[in-house]
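Chains as they are written, first to last, in the working numbering: chain P, 19 to 133; chain R, 9 to 117. From the three backbone atoms N, C-alpha and C, an ideal C-beta is built for every residue, glycine too. Only one structure is covered here, and it is reproduced in the block below.
This is how it looks when you write it as structure tokens:
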């Protein structure tokens, strides 16, 4: 049973380009969460999605950032017109519908570097 | 202000020593989780505590949930270099999990 799969593991983008980060949740998990982590810091919540629905996007910047979790396929975190401050590790986690408060399964993250 | 305050922020000890790290909040949680994160990887769930006053043991790690369900502690006995990592506590006051800033533990051989 594969865990949470994130790709790419590393992504380099020039300022002004778009970054697309993908997350495939564990089999049977319908809830997806995205977090951002800066070096030497903890995890900052960004967005919580279920299939075809954004449940909570209170942690996501209003400009340039968007997320989706379509009926088919992985969840996508999209960052338009990237800036150097977007450089960070982005982690995706998933949980089944009824046990989210009992722990998440995380992917290995995507490390975004903006040059 | 962080919802979950973790202390200490950094801890460096010798192999074989004991240590305790703390996770505190002014909010009440139905459960708290502890994760460990190693460099270059995502956090891995260690334990979930649910009942106030609950104590859970995982080999040399002992987790306690405060009676009022506002705080938790992690005690490691006879630390080993393999225990090195970032220890994060997390709780879900609403629909999604929020994390403390973590305690970065280094165990020197």
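#### Entry: Cutoff 8 angstroms: residue 61 of chain P Cβ touching any chain R Cβ
yes
### Task
Put residue 27 of chain P into one of helix, strand or coil per three-state DSSP.
In the three-state DSSP reduction, residue 27 of chain P falls in the coil class, being neither helix nor strand.
### Query
Run through DSSP, which three-state label would residue 90 of chain R get?
Taken through DSSP and simplified to helix, strand or coil, residue 90 of chain R comes out as helix.
### Query
For residue 104 of chain R, which three-state DSSP category applies?
coil
### Query
Expressed to the nearest angstrom, what Euclidean distance is found between the alpha-carbon atoms of residue 42 of chain R and residue 78 of chain P?
24 angstroms
### Query
Exposed or buried, which one is residue 28 of chain P when buried takes at least 16 other CB atoms within 10 Å?
Residue 28 of chain P should be labelled exposed.
#### Entry: Closest residue to residue 74 of chain R among R:38, R:112 and R:21 (Cα-Cα distance)
R:38
### Query
Are residue 122 of chain P and residue 54 of chain P close, meaning C-beta to C-beta below 8 angstroms?
The answer is no: Cβ separation not under 8 angstroms.
### Task
Measure from the C-beta of residue 106 of chain R to each C-beta in chain P and report whether the shortest distance is under 8 angstroms.
yes
### Message
Does chain P have any CB closer than 8 angstroms to the CB of residue 56 of chain R?
### Response
yes
### Task
Would you mind working out which of R:89, R:67, R:98 and R:90 sits nearest residue 83 of chain R, comparing C-alpha positions?
Restricting attention to R:89, R:67, R:98 and R:90, the CA atom closest to the CA of residue 83 of chain R is found in R:67.
### Task
Using a Cβ cut-off of 8 angstroms (strictly closer), state whether residue 51 of chain R contacts chain P.
yes
### Neighbouring residues, chain R, relative to residue 126 of chain P (Cβ below 9 angstroms)
What residue 126 of chain P touches in chain R, judged by beta-carbon distance under 9 angstroms, is 48, 49 and 50, going in chain order.
### Message
residue 104 of chain R and residue 74 of chain P - do their beta-carbons sit closer together than 8 angstroms?
### Response
yes
### Query
Taking only beta-carbon atoms, is residue 122 of chain P less than 8 angstroms away from chain R?
Yes, residue 122 of chain P lies at the interface with chain R (some Cβ there is under 8 angstroms from its Cβ).
#### Entry: DSSP beta-bridge partners of residue 7 of chain R
The structure shown does not extend to residue 7 of chain R, since chain R is modelled only from 9 through 117, so no value can be given for it.
### Message
For residue 63 of chain R, which residues in the same chain have their Cβ closer than 6 angstroms to its Cβ, ignoring the five residues on either side in sequence?
### Response
72
### Task
Inspect the beta-carbon positions of residue 100 of chain P and residue 132 of chain P and report whether they are closer than 8 angstroms.
yes
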